[in-house]
Every structure is written in C-alpha cells, then in structure tokens.
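The opening position of the sequence shown corresponds to residue 1 in the numbering used here, with each subsequent residue numbered one higher.
Working notes for the structure below.
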Amino acid sequence: MTRIVHPIEQESFRRLRARLDTSGFAPFTRAVVERVIHSAADLEYADDLVCDERSLEVAHAALHAGAPVVADVEMVAAGITKREAVCRLKDAVAGPGLTRSAHAVRLAYEQVGPGAVWVIGCAPTALEELLVLDAAPALVIGLPVGFVGAAESKAALRTSGLPAVSNVSEKGGSAVAAAALNALLYKEIA
C-alpha cells in the first residue's frame with residue numbers, strides 16, 4: 001500500500017534537499033539519513049550517521065517479511081508509525097549491575113528471539129546489553145542519547161560486526177531512532 005505523504009512533510013523534505021544534497025547517498029542510506037534529519041531538523045546527521053547499505057537492504061526485506069521490531073522505550077515504540085513494537089520496559093526491574101533498560105532487553109529477547117530489528121534510542125545500557133546477547137538481529141538501530149555511555153555504546157555496536165545504524169556523536173534519541181526505522185518501513189519494496 002502506498003503511503004500518502006502530507007503536503008507539510010513534502011515541503012519539509014523539499015527544504016531539506018534544498019539545503020543538503022543527499023543525492024550521493026545510496027538509496028536506503030539516503031532514506032534513513034533524510035528521515036533522521038527531518039525528525040531532528042539537524043543537518044549534521046548527514047556526517048554523523050553510520051549506515052551500511054547492504055545491512056539496510058537486508059533489514060528492509062526482513063521488516064517487509066514480518067520480522068519483529070523491538071524498542072528500548074515506549075517513546076521509541078510510539079514513534080514507529082507502521083508497525084507495532086515490542087517494548088518490555090514496563091515489565092523490567094533494576095538489579096545489582098543491571099538497569100531496567102538492560103533487563104527490558106533481556107525480556108524482549110526472550111519474547112522475540114533472533115532475527116528482530118532492534119531500535120534503541122534512549123538507553124546506552126540497553127544497547128550494551130543487546131551486544132552481550134546472542135540475539136542475531138536483522139538490524140540494530142543504535143541511537144541512544146546522552147553524555148554517559150551513549151557514544152561509547154554506539155562505538156561498541158560499530159565494532160561488534162552486527163548489522164547496524166548508529167552515529168558517532170552523543171546525540172540521538174527516541175525520535176531519531178524511530179525515524180531511522182520508519183525510513184525502512186516507508187520505503188516501497190522494489
């Protein structure tokens with residue numbers, strides 16, 4: 001089903017492209033970069049995001065084949081507009097050496113198993129926990145935000161060898177993480 005794009009969104013993307021030439025990006029990367037920039041009105045994401053086109057292609061196919069989506073927090077889940085997301089934060093409890101976000105990742109993995117698309121936009125500890133599980137994800141969108149652990153957890157994601165979208169800086173957040181996933185959901189199957 002073709003998505004109907006509101007005229008305000010069309011104008012926003014026109015203005016984005018007038019300010020930043022995204023034509024040099026590969027198709028899936030371009031979709032992610034533009035959607036993230038649109039969500040944050042932050043052109044710096046063009047240089048900050050780290051995407052692998054082949055990983056995005058594979059994740060796109062997995063999503064359109066029904067792969068489950070897991071969000072670290074309800075705000076990420078709420079921003080995902082075309083798919084229900086699993087979020088187990090309400091069920092999680094903190095313990096010694098374990099944050100609620102990390103425990104929520106464990107609970108979600110027990111529920112969905114391997115092959116999911118993970119969308120982490122809030123908690124660096126959620127991303128750190130995912131990296132120690134044998135989750136075999138279709139994709140990890142790792143865009144947690146903050147001054148403590150965010151950049152480090154994203155660097156660990158990039159060195160993990162997992163298929164991923166991340167960024168280099170400390171910025172990120174629920175809106176940009178959901179936007180990265182939405183870019184893949186909105187992109188029509190070729």
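Note that CB positions come from ideal geometry on N, CA and C, so glycine has one too.
All figures in this text were calculated on a predicted structure; none of them were measured in a lab.
Check: For Ala-78, collect the residues of the same chain with a Cβ closer than 6 Å to its Cβ; drop the 5 residues on either side in sequence, then sort them by chain order.; Outcome: none
Check: I need the straight-line Cα distance from Ile-37 to Pro-96, nearest angstrom please.; Outcome: 38 Å
Check: Alpha carbon to alpha carbon, how far is Thr-81 from Ala-65? Give it in angstroms, no decimals.; Outcome: 17 Å
Check: Determine contact between the stretch 149 to 160 and the stretch 30 to 47, defined as no fewer than three beta-carbon pairs at a distance below 8 Å.; Outcome: no
Check: Given a threshold of 16 other Cβ atoms within 10 Å of its Cβ, counted over all protein chains shown, does Arg-100 qualify as buried or as exposed?; Outcome: buried
Check: Have a look at the DSSP bridge pairing and note the partners of Val-168.; Outcome: Answer is none; Val-168 lacks a bridge partner.
Check: Using the three-state DSSP reduction, which class does Gly-115 fall into: helix, strand or coil?; Outcome: coil
Check: Under a three-way DSSP split, which group does Ala-71 fall into?; Outcome: strand
Check: Based on Cα-Cα distance, which residue from Pro-68, Leu-185, Leu-63, Val-105 lies nearest to Val-93?; Outcome: Val-105
Check: What separation, rounded to the nearest whole angstrom, lies between the Cα atoms of Gly-24 and Leu-98?; Outcome: 42 Å
Check: According to DSSP, which residues form a beta bridge with Val-86?; Outcome: Val-70
Check: So the candidates are Pro-114, Leu-185, Gly-113, Val-140; which of them puts its Cα closest to the Cα of Val-50?; Outcome: Val-140
Check: Beta-carbon within less than 7 Å of Phe-13's beta-carbon, same chain only, minus the 5 sequence neighbours each way: which residues are those?; Outcome: Glu-34, His-38
Check: Could you have a look at Val-5 and say whether DSSP puts it in helix, strand or coil?; Outcome: coil
Check: Can you tell which of Phe-28, Ala-26, Ser-174 has the C-alpha that lies nearest to the C-alpha of Val-119?; Outcome: Ser-174
Check: In this structure, does DSSP put Leu-49 in helix, strand or coil?; Outcome: strand
Check: Using only CA atoms, which one of Ala-135, Asp-52, Val-168, Pro-163 lies nearest to Ala-150?; Outcome: Val-168
Check: Return yes when the Cβ of Ala-40 is within less than 7 Å of the Cβ of Val-176, no when it is not.; Outcome: yes
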